[in-house]
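Chains as they are written, first to last, in the UniProt record's numbering: chain A, 1 to 185; chain B, 1 to 208.
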Amino acid sequence: ALVVVHSPLPRLRALLQRCWARLERGLCPGVLGGQSPPWGPALAVQGPALLPQGINHASERSAEVPSLLESILWMAAPKKRRTIEVNRCRRRHPSKLIEVKRNIDVCPECGNLKQKHVLCGYCYAKVKAETRLIRMEMHKKEGGPFNAPTVETVVLYDGEKPTEKDEGKRIIERARKRPSWFVQN
Amino acid sequence: HCSFLSGAAWARGLLSWARPERWLASGSLFPLSCIHTSTSLQKIGKWEKKNRIVYPPQLPGEPRRPAEIYHCRREIKYSKDKMWYLAKLIKGMSIDQALAQLEFSDKKGAKVIKEVLLEAQELAVRKHNVEFKSNLHIAESLTGRGRYVKRIRCHGKGMFGVMKISRCHYFVKLVEGPPPPPEPPRTGFDQAKEYVQQLRNRTLVHTL
């Protein structure tokens, strides 16, 4: 390995230069005299020579995908058992706990709880039940599938007469009082 | 000798031998209440027994002891870890707030816990002398492991794994009164004060 020392002191630098020059002279004593030193093989050793196919093999091997049997050695696996303390820290972290919902209100109609952006469950169930009965009446009137009329439908409750607006419309009678939430036109 | 007798008749015969002072000359059958029924053979859990403790009457000057109601449900088909999150949610809330949160939770255990809370509220009003059903708060809510059952779960290529069907218990303790105020989070200043106090508590042992 080549060691380069840059010393700020000029005297040390001069000394190093002289030492280096002496070394160079020791390596190649014949260079300064203008004649080349006698060259000759000092020792001949047979080293490992790459075969003509060896280079091709090397390039192929680098492009080859490692098979599953080899890649098993590089698969992720836990090194140690996770202690219960570590497990608890992960399971009880605030991000994993259920958040307290702040969007719960009281329905002004029925008094049950409802979420602010969702219809009240109780009121919706009431409407659903009434709609189911109206649809049953409609099925009875139609009598079968694919018999839906091409005109509008009007639902009339007890004591209601069809007005002149409801001339050509299909009328469904329901034998009960009009519910407060079903507003008549 | 006893093979021709039915089970109850044999037991009655046994009792008649064991207690001769109760032997009736008419030879009428003993009332069936002497024989153990199935409910007493099953173990009554510790949580259920907590409802049975009776305190001595309070002295006139003492502050009123708030009513405590212990209720539980056993062998719920749910995982105890998943149930724990719901139990942690409602810990320390008033019963109305807890019911509201559980109603709009999407978890399966929320429905079960809501039923348990309503049952407990009903118990409180009927049996434990609670005046207002809204004046209750949840002091403790815990989950416990129920009995697990092992089953085979089939995988591909003829492999199988052992699956465990887990069940859990849910315990709740309702206490009369408004919920306690949440304690303020520990600041660095509190921790420093405690540390200094610990240092001050140090003494020399085995000395004069």
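Glycine included, every Cβ here is placed at the ideal spot set by N, Cα and C.
In the DSSP assignment, Ile138/B forms a beta bridge with Leu174/B. Here Cys154/B is exposed. Its C-beta has fewer than 16 other C-beta atoms within 10 Å.
Neighbours of Val100/A in chain B, taken as residues at a C-beta separation under 9 Å, are given in chain order as Leu89, Met93, Gln97, Gln101. Within chain A, no residue has its beta carbon less than 7 Å from that of Tyr78/B; the closest one is some 14 Å off.
In its chain, beyond the 5 residues on either side, Val154, Leu156, Pro162 have a beta carbon closer than 7 Å to the beta carbon of Ile171/A.
Within the DSSP bridge table, the entry for Glu173/A names Leu156/A as partners. For the 7 Å CB-CB criterion, Val172/B and Ser134/B do not form a contact.
Under DSSP, the beta-bridge partners assigned to Gln115/A are Ile104/A. Within chain B, Ala100, Phe104 have C-beta atoms less than 7 Å from the C-beta of Ile104/A, given in sequence order.
Between Tyr85/B and chain A, the shortest Cβ-Cβ separation is below 7 Å.
Judged by beta-carbon spacing, Trp47/B lies beyond the 7 Å limit of Tyr78/B, meaning their Cβ atoms are not closer than that value. Below 8 Å, enough C-beta pairs join the region 118 to 138 of chain B and the region 88 to 96 of chain B to call them touching: three or more.
Only residues of its own chain outside the window of five on either side were considered, and among them Lys114, Leu117, Leu118 have a CB closer than 8 Å to the CB of Leu99/B, listed in chain order. Chain order gives the chain B residues near Leu97/A as Tyr85, Lys88, Leu89, where near means a beta carbon separation below 8 Å. The Cβ atoms of His206/B and Arg74/B do not sit closer than 7 Å to each other.
In the structure shown, Thr131/A falls within a helical segment according to DSSP collapsed to helix, strand and coil.
Look at the beta carbons and you see the region 89 to 103 of chain A touching the region 78 to 89 of chain B: at least three pairs across the two are nearer than 8 Å.
Within the region 110 to 135 of chain A, contact with chain B at the beta-carbon level (separation under 7 Å) is assigned to Leu113, Gln115. Between the alpha carbons of Leu16/A and Lys79/A lies a distance of about 55 Å. In this chain, the alpha helix (DSSP H) harbouring Ile95/B covers 95 to 103. Per the coordinates, the alpha-carbon of Gly188/B lies some 12 Å from the alpha-carbon of Val196/B.
A Cβ-Cβ separation of about 7 Å places Ala67/B in contact with Ala124/B under the 8 Å criterion. Arg126/B and Arg174/A have their C-alpha atoms some 43 Å from each other. Note on geometry: alpha-carbon atoms of Glu103/B and Pro179/A lie some 27 Å from one another.
Under the three-state reduction of DSSP output, Lys133/B falls in the coil class, being neither helix nor strand. Only residues of its own chain outside the window of five on either side were considered, and among them Asn103 have a CB closer than 8 Å to the CB of His117/A, listed in chain order. In the DSSP assignment, Gly161/B falls within the beta strand (DSSP E) that extends over 160 to 165.
In the DSSP assignment, Ile113/B falls within the unbroken alpha helix (DSSP H) covering 108 to 127. In this structure, Cys120/A places its C-beta atom within 7 Å of the C-beta atom of Lys114/A. Proximity to Lys164/B across Ile152/B, Lys111/B, Gly156/B peaks at Ile152/B, based on C-alpha coordinates. Straight-line measurement puts the Cα of Val86/A at about 34 Å from the Cα of Lys50/B. In the structure shown, Arg18/A falls within a helical segment according to DSSP collapsed to helix, strand and coil. Its chain contains Cys123 as the residues whose beta carbon lies nearer than 6 Å to that of Glu109/A, once the 5 sequence neighbours on both sides are disregarded; these appear in chain order. The beta carbon of Ala110/B sits closer than 7 Å to those of Leu86, Leu102, all from its chain and outside the five residues before and after it, given in chain order.
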